[in-house]
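Engineer: In terms of the numbering used here, the sequence shown opens at residue 3 and continues consecutively. Mind looking over this structure? Questions follow.
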Amino acid sequence: MLSVRPKIAELVMQLYGRALHPELFEVFAQKRLERGKVAPPPRSIAASDGVAPAGVSGEIDPEADGYEAIVAITSAGHVVHWRHRGLTLTEVCASSHQPLPQRRRLMSHRVEGERSDRVECRGGIVYETSLALETASSEALYAYQHEFDLMNLQGGALPLGEGGDSNGLLHRFEASGRAGLSMGALSFVDIQSRDRSLRVRALHTFPDDCAIVKTESVFRLPG
3 MLSVRPKIAE LVMQLYGRAL HPELFEVFAQ KRLERGKVAP PPRSIAASDG VAPAGVSGEI
63 DPEADGYEAI VAITSAGHVV HWRHRGLTLT EVCASSHQPL PQRRRLMSHR VEGERSDRVE
123 CRGGIVYETS LALETASSEA LYAYQHEFDL MNLQGGALPL GEGGDSNGLL HRFEASGRAG
183 LSMGALSFVD IQSRDRSLRV RALHTFPDDC AIVKTESVFR LPG
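See the structure below:
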């Protein structure tokens with residue numbers, strides 16, 4: 003487990019077709035949500051898998067067509083655990099040095115410049131993501147983070163998106179002490195849930211590198 007904000011050059015965005023053990027991450031803020039009727043995990047799922055093999059549905063209520071998700075801010079970035087019936091997807095924004103498994107890893111991109119990707123899963127489920135790395139001066143970064151701090155003090159008036167149910171997570175980290183900087187990193191995650199989709203927008207600052215990482219991902223059900 004890594005408890006220190008990594009250097010920006012180490013950051014990787016990954017997607018798994020399985021659950022990952024929660025003890026792999028240091029969680030600072032977390033939110034769980036359900037949309038619609040959610041089926042329990044199939045009995046055939048092994049604890050180490052978190053996702054049923056192709057063609058295995060288990061005893062799932064056909065009317066349970068909703069989804070559940072757990073979104074968490076971690077030391078390096080964030081984790082999104084999303085499940086619909088027998089399918090589990092886990093998005094991880096973390097350091098490349100984080101000891102994560104390679105089994106059932108569907109996507110892996112270093113965070114640099116701008117990038118987008120799309121993964122089509124069984125049952126017509128689609129995952130789409132886009133990410134961008136931006137640079138900013140220390141002064142601009144401080145003003146940016148100060149704006150979030152002020153909005154948080156004003157009763158959680160965070161810049162949430164429109165449509166569906168929207169909830170935000172915000173965490174301010176202590177300064178790392180590297181390079182003589184006294185500014186701690188900030189992570190903000192906006193969660194927008196609709197009946198057929200979940201949209202997660204994340205923003206992570208890296209004061210030591212004068213950088214801001216922005217990601218936006220959608221987990222979409224068919225129909």
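Don't be surprised by glycine CBs; every beta carbon is placed ideally from N, CA and C.
Could you spell out where the beta strand (DSSP E) holding Ala134 opens and where it closes?
Structural biologist: 128-137
Engineer: Using three-state DSSP, classify Leu172 as helix, strand or coil.
Structural biologist: strand
Engineer: Do Phe150 and Ala74 come within 8 angstroms of each other at the CB atom, strictly closer than that value?
Structural biologist: It is not a contact, given that the beta carbons lie outside the stated cut-off.
Engineer: Are there three or more Cβ pairs, one per stretch, closer than 8 angstroms when the stretch 9-20 is compared with the stretch 98-113?
Structural biologist: They touch, by the three-pair rule.
Engineer: Note down, in chain order, each residue of its chain lying with its Cβ closer than 6 angstroms to the Cβ of Ala71, except the 5 sequence neighbours on either side.
Structural biologist: Correct list, in chain order: Leu35, Trp84, Leu200.
Engineer: Identify every residue that forms a DSSP beta bridge with Cys95.
Structural biologist: Looking at the DSSP output, Cys95 bridges to Met15, His80.
Engineer: Can you grab the Cα-Cα spacing for the pair Arg124 / Ser219, in whole Å?
Structural biologist: 18 angstroms
Engineer: Quick one: what does DSSP say Asp211 is sitting in, helix, strand or coil?
Structural biologist: helix
Engineer: Between which residues of its own chain and Arg117 is the CB-CB distance below 6 angstroms, once the five residues before and five after are set aside?
Structural biologist: His111, Leu133
Engineer: Would the beta-carbon of Val94 fall within 8 angstroms of that of Leu108?
Structural biologist: no
Engineer: Using the Cβ count rule (16 or more neighbours within 10 Å means buried), how would you classify Ser77?
Structural biologist: By the neighbour-count rule (16 or more Cβ atoms within 10 Å), Ser77 is buried.
Engineer: Exposed or buried, Thr92, counting other C-beta atoms within 10 Å across all chains shown (16 or more means buried)?
Structural biologist: buried
Engineer: Leaving out the 5 sequence neighbours to the left and right, which residues in its chain are closer than 7 angstroms to Gly225 when beta-carbon positions are compared?
Structural biologist: Arg198
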